[in-house]
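K.L.:
Pasting a structure here, questions to come.
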Amino acid sequence: MAAMNSDLGGLGGRPMNPQANPFGNALNGAAPGLIRTGLGVYGEKFLDSSSEFMQSNITQYLSDPQYYFQVNSQYVRNKLKVILFPFLHRGHWTRITEPVGGRLSYKPPVQDINAPDLYIPLMAFGTYIVVAGYALGALGRFTPEALTLQFSKGLLGWFLQVILIKGLLYSLGSGEAPLLDIVAYAGYGFAGTSLAMLARIFWSYLYYFIMPWFCLCTGVFLVKTMKRVLLGGPRSYERHPSRNHYFLLFLAVVQFPMLFWLGNISG
5 MAAMNSDLGG
15 LGGRPMNPQA
25 NPFGNALNGA
35 APGLIRTGLG
45 VYGEKFLDSS
55 SEFMQSNITQ
65 YLSDPQYYFQ
75 VNSQYVRNKL
85 KVILFPFLHR
95 GHWTRITEPV
105 GGRLSYKPPV
115 QDINAPDLYI
125 PLMAFGTYIV
135 VAGYALGALG
145 RFTPEALTLQ
155 FSKGLLGWFL
165 QVILIKGLLY
175 SLGSGEAPLL
185 DIVAYAGYGF
195 AGTSLAMLAR
205 IFWSYLYYFI
215 MPWFCLCTGV
225 FLVKTMKRVL
235 LGGPRSYERH
245 PSRNHYFLLF
255 LAVVQFPMLF
265 WLGNISG
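Residue 218 in my numbering sits at position 214 of the sequence shown; the count goes up by one each step and never skips.
See below:
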């Protein structure tokens, strides 16, 4: 009996383990995995949506800077002919597109004479500063302050051209043009201005014959280019043709005081 009582007592004193819950263990093990999976899927969707937003909005205005420097010597020669002598351009003014990744993309400048580039505007602006410095030296008015003033004037003129073209496109219903495209178009005027300033060094009266020609050519080039941009898709240009012609004419006329102001040597 003692042995039995001892056995029973031992059994009675032994703590009874509750029955294991397989569903609870399964849920406890699966919950962190489900949370991690859900967060991973949400994160991927968030990153994908952010990437699409960047591509569709930011790149729409800034584009790829490397695109604007894909040029060669042949493109530079032909582009300068179009800028300085637009009346002799017998080809079309429309940019060439090609399918890339299931969507249409513009060909780079090296493959399309109508594509904007930043090589010519930057080189023309550098030439503008060099010619201005040489002209200041020839006039006996060269100082670092005078050259800095001319540099600031050039940057200001470039900025004003960007604002003018951007405002024009926005008023005509085409405000989504990439910013670097507009910067390139606004900088092409330095090519003719630099040549006119260089001619002025050798013969001052020649400046007043060459400069109006380059102002006219720059205006015609910009009007042709802006019409191509405006007619490249559904725009309000077709709904108000007369008003838009006046806007484009204003853009061409503004080139005369703008380029003459840039060509004036301050010292």
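The C-beta atom is built at its ideal place from N, Cα and C for all residues, glycine as well.
1) Between the alpha carbons of residue 169 and residue 266, how many angstroms are there, rounded?
2) Can you grab the Cα-Cα spacing for the pair residue 89 / residue 233, in whole Å?
3) Starting from residue 166, trace the alpha helix (DSSP H) both ways and give me its first and last residue.
4) Helix, strand or coil: which one does DSSP assign to residue 99?
5) Could you check what DSSP says for residue 204 in three-state terms: helix, strand or coil?
6) What do you reckon, are the CB atoms on residue 196 and residue 222 nearer than 8 Å?
7) Do residue 136 and residue 126 come within 8 Å of each other at the CB atom, strictly closer than that value?
8) Apply the 10 Å Cβ neighbour rule to residue 60 and answer buried if 16 or more other Cβ atoms are within range, or exposed otherwise.
9) So, under 8 Å CB-CB, residue 201 and residue 263 are touching, yes? Tell me the CB distance rounded to an integer number of Å.
10) In the DSSP assignment, what residue or residues form a beta bridge with residue 104?
11) Assuming residue 111 and residue 124 form a contact by the criterion Cβ under 8 Å, report the distance between their Cβ atoms to the nearest whole angstrom.
12) Ends of the alpha helix (DSSP H) at residue 141?
13) Classify residue 112 as helix, strand or coil using the three-state DSSP reduction.
14) Compare the Cα-Cα distances from residue 138 to each of 118, 203, 247, 250 and report the closest residue.
15) Look at the alpha carbon of residue 92 and the alpha carbon of residue 114, and state the distance between them as a whole number of angstroms.
16) For residue 194, which residues from the same chain have a beta carbon less than 8 Å from its beta carbon, with the 5 sequence-adjacent residues on both sides left out?
17) Shortest alpha-carbon distance to residue 94 belongs to which of 74, 107, 117, 108?
18) What does the Cβ neighbour count give for residue 218, buried or exposed, with the cut at 16 atoms within 10 Å?
19) In whole angstroms, what separates the C-alpha of residue 72 from that of residue 122?
20) Going straight from the alpha carbon of residue 185 to that of residue 209, what length do you get?
21) Let's see if you can read the secondary structure: which residues bound the alpha helix (DSSP H) around residue 79?
22) Comparing alpha-carbon positions, which option in 153, 206, 187, 68 lies nearest residue 143?
23) For residue 228, which residues of its own chain have a beta-carbon under 7 Å away from its beta-carbon, when the five flanking residues on both sides are left out?
24) Nearest to residue 224 by CA position, among 255, 198, 148, is which residue?
25) Use the C-beta contact count for residue 70: other C-beta atoms within 10 angstroms, 16 or more gives buried, fewer gives exposed.
26) Our contact map puts residue 181 next to residue 172 with C-beta atoms below 8 Å; I'd like the distance itself, whole angstroms only.
27) Taking Cβ to Cβ, would you say residue 189 is nearer than 8 Å to residue 120?
28) Rounded to the nearest angstrom, what separates residue 230 and residue 252 at their Cα positions?
P.N.:
So, from the listed chains and residues:
1) The residue given as residue 169 occupies position 165 in the sequence shown. The residue given as residue 266 occupies position 262 in the sequence shown. Roughly 17 Å between the two C-alpha positions.
2) Locating residue 89 in the sequence shown gives position 85, where the first residue counts as 1. Locating residue 233 in the sequence shown gives position 229, where the first residue counts as 1. C-alpha separation (whole angstroms): 20 Å.
3) Taking the first residue of the sequence shown as position 1, residue 166 is located at position 162. Residues 148–175.
4) Within the sequence shown, residue 99 is the residue found at index 95, counting from 1. In this structure, residue 99 counts as coil in the three-state DSSP scheme.
5) What you label residue 204 is simply residue 200 of the sequence shown in a count that begins at 1. Assigned with DSSP and collapsed to three states, residue 204 falls in helix.
6) Along the sequence shown, one-based indexing puts residue 196 at 192. Along the sequence shown, one-based indexing puts residue 222 at 218. Note that the C-beta distance between residue 196 and residue 222 is below 8 Å.
7) As a first step, residue 126 is located in the sequence shown; it is residue number 122 there, counting from the start. As a first step, residue 136 is located in the sequence shown; it is residue number 132 there, counting from the start. Not in contact: residue 126 and residue 136 (Cβ atoms no closer than 8 Å).
8) Working through the sequence shown from its first residue, we reach residue 60 at position 56. Legend: pLDDT at residue 60 = 40, less than 50; position of this residue unreliable, value from coordinates given subsequently. Answer is exposed; the Cβ neighbour count stays below 16.
9) Indexing the sequence shown from 1 puts residue 201 at position 197. Indexing the sequence shown from 1 puts residue 263 at position 259. Contact doesn't hold; Cβ gap of about 10 Å is too wide.
10) Residue 104 sits at position 100 when you count from the first residue of the sequence shown. In DSSP, residue 104 forms a bridge with 107.
11) Along the sequence shown, one-based indexing puts residue 111 at 107. Along the sequence shown, one-based indexing puts residue 124 at 120. Contact flag wrong, Cβ pair sits at about 17 Å.
12) Along the sequence shown, one-based indexing puts residue 141 at 137. Per DSSP, residue 141 belongs to the alpha helix (DSSP H) from 123–142.
13) On the sequence shown, residue 112 is found 108 positions in, with the first residue counted as 1. Assigned with DSSP and collapsed to three states, residue 112 falls in coil, not helix or strand.
14) Residue numbering aside, residue 138 sits at position 134 when the sequence shown is read from its first letter. For the residues 118, 203, 247, 250, the minimum Cα distance to residue 138 belongs to 203.
15) In the sequence shown, residue 92 corresponds to position 88, counting from 1. In the sequence shown, residue 114 corresponds to position 110, counting from 1. Whole-angstrom Cα-Cα distance: 20 Å.
16) If you number the sequence shown from 1, residue 194 lands on position 190. Correct list, in chain order: 125, 128, 129, 131, 132, 158, 162, 266.
17) Along the sequence shown, read from residue 1 onward, the residue named residue 94 stands at position 90. Of the candidates 74, 107, 117, 108, the one whose C-alpha sits nearest the C-alpha of residue 94 is 117.
18) Indexing the sequence shown from 1 puts residue 218 at position 214. Classification for residue 218: buried.
19) If you number the sequence shown from 1, residue 72 lands on position 68. If you number the sequence shown from 1, residue 122 lands on position 118. Between residue 72 and residue 122, the C-alpha separation is close to 5 Å.
20) By one-based count along the sequence shown, residue 185 stands at place 181. By one-based count along the sequence shown, residue 209 stands at place 205. Computed Cα separation, rounded: 35 Å.
21) Taking the sequence shown and counting its residues from 1, the one referred to as residue 79 is at position 75. Where residue 79 is concerned, the enclosing alpha helix (DSSP H) stretches over 77–88.
22) In the sequence shown, counting from the first residue as 1, residue 143 sits at position 139. Between residue 143 and the set 153, 206, 187, 68, the nearest pair of CA atoms involves 206.
23) Position 224 of the sequence shown, counted from the first residue, corresponds to residue 228. 90, 97, listed in sequence order.
24) Start at 1 with the first residue of the sequence shown, and residue 224 comes out as number 220. Nearest of 255, 198, 148 to residue 224, Cα basis: 255.
25) One-based indexing of the sequence shown puts residue 70 at position 66. Its Cβ having fewer than 16 others within 10 Å, residue 70 is exposed.
26) Residue 181 sits at position 177 when you count from the first residue of the sequence shown. Residue 172 sits at position 168 when you count from the first residue of the sequence shown. Separation of the CB atoms of residue 181 and residue 172 is rounded to 10 Å, and the pair is thereby denied contact status at 8 Å.
27) Within the sequence shown, numbered from 1, the residue matching residue 189 stands at position 185. Within the sequence shown, numbered from 1, the residue matching residue 120 stands at position 116. Cβ distance < 8 Å, so residue 189 and residue 120 count as in contact.
28) Here residue 230 refers to the residue found at position 226 of the sequence shown. Here residue 252 refers to the residue found at position 248 of the sequence shown. Note on geometry: alpha-carbon atoms of residue 230 and residue 252 lie some 8 Å from one another.
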